[in-house]
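Residue numbers (full-length UniProt numbering), protein chains in the order written: chain A, 1 to 129; chain B, 1 to 129; chain C, 1 to 129; chain D, 1 to 129.
Number of protein chains: 4
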Amino acid sequence: MISLVLTLRRLLSAIARIGKEPLFRTLLLTLAFIVLSGTLFYYQIEGWSLFDAFYFAFVSLIPAGVDTGLVPRGNLSRSFTMIYLAVGVGVMVMVLIRLGYAVLKLERPEQLDVKPQAKAAPKQKTKGK
Amino acid sequence: MISLVLTLRRLLSAIARIGKEPLFRTLLLTLAFIVLSGTLFYYQIEGWSLFDAFYFAFVSLIPAGVDTGLVPRGNLSRSFTMIYLAVGVGVMVMVLIRLGYAVLKLERPEQLDVKPQAKAAPKQKTKGK
Amino acid sequence: MISLVLTLRRLLSAIARIGKEPLFRTLLLTLAFIVLSGTLFYYQIEGWSLFDAFYFAFVSLIPAGVDTGLVPRGNLSRSFTMIYLAVGVGVMVMVLIRLGYAVLKLERPEQLDVKPQAKAAPKQKTKGK
Amino acid sequence: MISLVLTLRRLLSAIARIGKEPLFRTLLLTLAFIVLSGTLFYYQIEGWSLFDAFYFAFVSLIPAGVDTGLVPRGNLSRSFTMIYLAVGVGVMVMVLIRLGYAVLKLERPEQLDVKPQAKAAPKQKTKGK
Ligand SMILES: [K+]
Ligand SMILES: [K+]
Numbered sequence: 001m002i003s004l005v006l007t008l009r010r011l012l013s014a015i016a017r018i019g020k021e022p023l024f025r026t027l028l029l030t031l032a033f034i035v036l037s038g039t040l041f042y043y044q045i046e047g048w049s050l051f052d053a054f055y056f057a058f059v060s061l062i063p064a065g066v067d068t069g070l071v072p073r074g075n076l077s078r079s080f081t082m083i084y085l086a087v088g089v090g091v092m093v094m095v096l097i098r099l100g101y102a103v104l105k106l107e108r109p110e111q112l113d114v115k116p117q118a119k120a121a122p123k124q125k126t127k128g129k
Numbered sequence: 001m002i003s004l005v006l007t008l009r010r011l012l013s014a015i016a017r018i019g020k021e022p023l024f025r026t027l028l029l030t031l032a033f034i035v036l037s038g039t040l041f042y043y044q045i046e047g048w049s050l051f052d053a054f055y056f057a058f059v060s061l062i063p064a065g066v067d068t069g070l071v072p073r074g075n076l077s078r079s080f081t082m083i084y085l086a087v088g089v090g091v092m093v094m095v096l097i098r099l100g101y102a103v104l105k106l107e108r109p110e111q112l113d114v115k116p117q118a119k120a121a122p123k124q125k126t127k128g129k
Numbered sequence: 001m002i003s004l005v006l007t008l009r010r011l012l013s014a015i016a017r018i019g020k021e022p023l024f025r026t027l028l029l030t031l032a033f034i035v036l037s038g039t040l041f042y043y044q045i046e047g048w049s050l051f052d053a054f055y056f057a058f059v060s061l062i063p064a065g066v067d068t069g070l071v072p073r074g075n076l077s078r079s080f081t082m083i084y085l086a087v088g089v090g091v092m093v094m095v096l097i098r099l100g101y102a103v104l105k106l107e108r109p110e111q112l113d114v115k116p117q118a119k120a121a122p123k124q125k126t127k128g129k
Numbered sequence: 001m002i003s004l005v006l007t008l009r010r011l012l013s014a015i016a017r018i019g020k021e022p023l024f025r026t027l028l029l030t031l032a033f034i035v036l037s038g039t040l041f042y043y044q045i046e047g048w049s050l051f052d053a054f055y056f057a058f059v060s061l062i063p064a065g066v067d068t069g070l071v072p073r074g075n076l077s078r079s080f081t082m083i084y085l086a087v088g089v090g091v092m093v094m095v096l097i098r099l100g101y102a103v104l105k106l107e108r109p110e111q112l113d114v115k116p117q118a119k120a121a122p123k124q125k126t127k128g129k
């Protein structure tokens, strides 16, 4: 139970950290609309509970090993699923990567790529001259 | 039902936005050929319906949590599947990422990486002079 | 059946195109060793057929929606699986991306990022003069 | 059995190679905390064994085709899972990619992108002079 609180806090603090970036807001808002479409679709067409539909709509876009235990069966559902994935996976991946950086408290992606030595002795110390 | 229409519109408008880029056309055409090969293979060899085969061929290339409920069983099918994934996953990922940017209405991938401040007051080095 | 041949040809021609790059050879050789380790492990410890073990070892490293229908059950197998994924997924992803570019016949990853306009009328503005 | 030892050695030597990088340590430590949270949560709330919970928490964050055979069923568990994936997948992907480079014994990501010709005859043309 405390794990839930801790993990949720980690997410919220990450979002707080980058929530002011206009591009991240665009990302999050677009993702919210996409997941909402998916939720409503699976709720109405597959007849799943609202929570089941939301869970499936959210997890389906994530490149991860979780098995939702939910399988769309109808051909209409499966057609929608293909369009849904084409539209949503790219956006979800960007959100996840951006969130990953925020969880790590790295301000910018590039920070992961700089060489540690380069960080230790940066830009030229001669500025005082 | 309206979700389907909205999501489809989102996809089509994203494709319309980037459909003139020659590289995206190459991507999409190559992907179409690959998915077509997969569809025909699973249709003929696994004996799935044409729609099942297409659904499996399409979703299998996507790094996402959707469970198709379809499992290739024969050794020939599974050999094909390995080659199919090796050929197709990279292409699919590029399409998905490119589509993701188009859905977000970002013209170019770099736009996600620029600092918001840098956008607000760019390339102005002469201000001090 | 012809799909298998076509897809295999696509793979082989892609590999032929980039097979001379020393870095791709390193990638492929490393991946081959990793998949071989996995194959032998699942063959011996889980008692799967050699083909099943190879199929699982190969597909497990790929970020894609294919369901192998095989689930490691023992705790030793599952411990191995975690180590195996940590070692192999990064390498597999690099191979898949590199193969994707080769399938698209793009020489270099950067080609995907150049602006189409820049390609259509590039650095030649003085030709009329 | 020897496969396990070899694969484990590959992982350990990769970690040894990059374990001194402060950014990789941050990555690994953050990931460890996240996976620990997940393990405790699924252990307590889903009532899985400690090993099952750890295995699920670890593999769920990896974009790969392995089926854990474990499915979170309660709505609380599934709510946690969504937050857990949002927080953890980005971090896991960074660890996997960084590990991939280390397994390949490439010091820096850029090395994969240099052109082979450029490597074969690099910026030294004056040596004959
Ligand atoms: K998956
Ligand atoms: K899966």
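A virtual CB, placed ideally from N, CA and C, is assigned to each residue, including glycine. In this text, all values refer to a predicted model and were calculated from it rather than measured experimentally.
{"Check": "Would you tell me roughly how many angstroms separate the C-alpha atoms of Ala16/C and Gly100/D, rounded to the nearest one?", "Outcome": "23 Å"}
{"Check": "Should Met82/C and Leu61/C be called a contact, given that it needs their Cβ atoms to be closer than 8 Å?", "Outcome": "no"}
{"Check": "So Ala32/D is in the alpha helix (DSSP H); what residue range does that whole segment cover?", "Outcome": "22–45"}
{"Check": "Answer yes or no: does any C-beta atom of chain D fall closer than 8 Å to that of Phe51/C?", "Outcome": "no"}
{"Check": "My guess is that Gly19/A and Arg25/A are in contact by the Cβ rule of under 8 Å, so how many angstroms apart are they, rounded?", "Outcome": "7 Å"}
{"Check": "How far does the alpha helix (DSSP H) with Val89/B in it extend, from its first residue to its last?", "Outcome": "75–103"}
{"Check": "Below 6 Å CB to CB, which residues in the same chain sit around Trp48/C once its five sequence neighbours on both sides are set aside?", "Outcome": "Tyr42"}
{"Check": "Of all Cβ atoms in chain A, is any one closer than 8 Å to the Cβ of Val35/D?", "Outcome": "no"}
{"Check": "Check the Cβ of residue 130/A against every Cβ in chain B and list those closer than 7 Å, keeping chain order.", "Outcome": "No answer is possible for residue 130/A: the residues shown for chain A start at 1 and end at 129."}
{"Check": "Looking at C-alpha atoms only, which residue of Leu76/A, Val87/A, Leu27/A is the closest neighbour of Val95/B?", "Outcome": "Val87/A"}
{"Check": "What's the gap between the Cα of Ala32/B and the Cα of Gly38/B?", "Outcome": "10 Å"}
{"Check": "By DSSP, does Ala64/D sit in helix, in strand, or in coil?", "Outcome": "coil"}
{"Check": "Within a Cβ cutoff of 7 Å, which residues of the same chain sit near Gln111/C, ignoring the five residues on either side of it in sequence?", "Outcome": "Summary for Gln111/C: the model assigns pLDDT 47, below 50, so the residue's position carries little reliability; its value from the coordinates is reported in the next sentence. Once the five neighbours on either side are set aside, Gln111/C has no close Cβ partner at all."}
{"Check": "Once you ignore the five residues that flank Gly74/C on each side, which residues in its own chain have a CB closer than 8 Å to its CB?", "Outcome": "Ile45, Glu46"}
{"Check": "Per DSSP, what kind of secondary structure is Ser3/B in: helix, strand or coil?", "Outcome": "helix"}
{"Check": "Look at the alpha carbon of Tyr84/D and the alpha carbon of Ile2/A, and state the distance between them as a whole number of angstroms.", "Outcome": "13 Å"}
{"Check": "Let me confirm a value: Gly69/B is counted as buried when at least 16 other C-beta atoms fall within 10 Å, else exposed. Which label applies?", "Outcome": "exposed"}
{"Check": "Can you find a C-beta in chain D that's less than 8 Å from the C-beta of Leu104/C?", "Outcome": "no"}
{"Check": "Do you know how far the Cα of Pro72/A is from the Cα of Tyr55/A?", "Outcome": "13 Å"}
{"Check": "Among residues of its own chain, excluding the 5 on either side of Val66/D, which ones have a beta-carbon nearer than 7 Å to its beta-carbon?", "Outcome": "Val59"}
{"Check": "At the level of alpha carbons, what is the spacing between Leu97/A and Val103/A?", "Outcome": "Checking the sequence, you will find Ile at residue 97/A rather than Leu. One C-alpha to the other measures close to 10 Å."}
{"Check": "Indicate whether Phe63/D and Pro22/B have their beta-carbon atoms separated by less than 8 Å.", "Outcome": "Per the sequence shown, residue 63/D should be read as Pro rather than Phe. No, these two residues do not count as a Cβ contact at 8 Å."}
{"Check": "Pick out whichever of Ser77/A, Val89/A, Thr7/A, Leu6/A has its Cα sitting closest to the Cα of Asp52/B.", "Outcome": "Ser77/A"}
{"Check": "At 9 Å on the CB atoms, spell out the chain C contacts of Phe41/D, in chain order.", "Outcome": "Near Phe41/D there are no residues of chain C at all, since even the closest Cβ is about 18 Å away, more than 9 Å."}
{"Check": "For chain C, is any of its Cβ atoms less than 8 Å away from the one on Arg17/B?", "Outcome": "no"}
{"Check": "Around the C-beta of Leu4/B, are 16 or more other C-beta atoms found within 10 angstroms, so that it is buried, or is it exposed?", "Outcome": "buried"}
{"Check": "With 8 Å set as the bound, which would you pick, yes or no: does the beta-carbon of Leu61/D sit closer than that to a beta-carbon of chain A?", "Outcome": "yes"}
{"Check": "Mind pulling the chain A residues with CB within less than 9 Å of residue 162/B?", "Outcome": "No answer is possible for residue 162/B: it lies beyond the span of chain B, which begins at 1 and ends at 129."}
{"Check": "Does the beta-carbon distance from Ala57/A to Val35/A come in below 8 Å?", "Outcome": "yes"}
{"Check": "Under 8 Å between beta-carbons, which chain A residues line up against Arg73/B? List them in chain order, please.", "Outcome": "Those do not exist, as Arg73/B stays about 17 Å from chain A at its closest Cβ, beyond 8 Å."}
{"Check": "For Ser79/C and Leu27/B, what's the separation of their Cα atoms in angstroms?", "Outcome": "38 Å"}
{"Check": "Could you confirm whether any beta carbon from chain D is found closer than 8 Å to the beta carbon of Val89/A?", "Outcome": "no"}
{"Check": "Could you confirm whether any beta carbon from chain D is found closer than 8 Å to the beta carbon of Phe80/C?", "Outcome": "yes"}
{"Check": "Which chain D residues sit within Cβ distance under 9 Å of Ala32/C?", "Outcome": "Within chain D, no residue comes near Ala32/C; the closest Cβ sits about 13 Å away, beyond 9 Å."}
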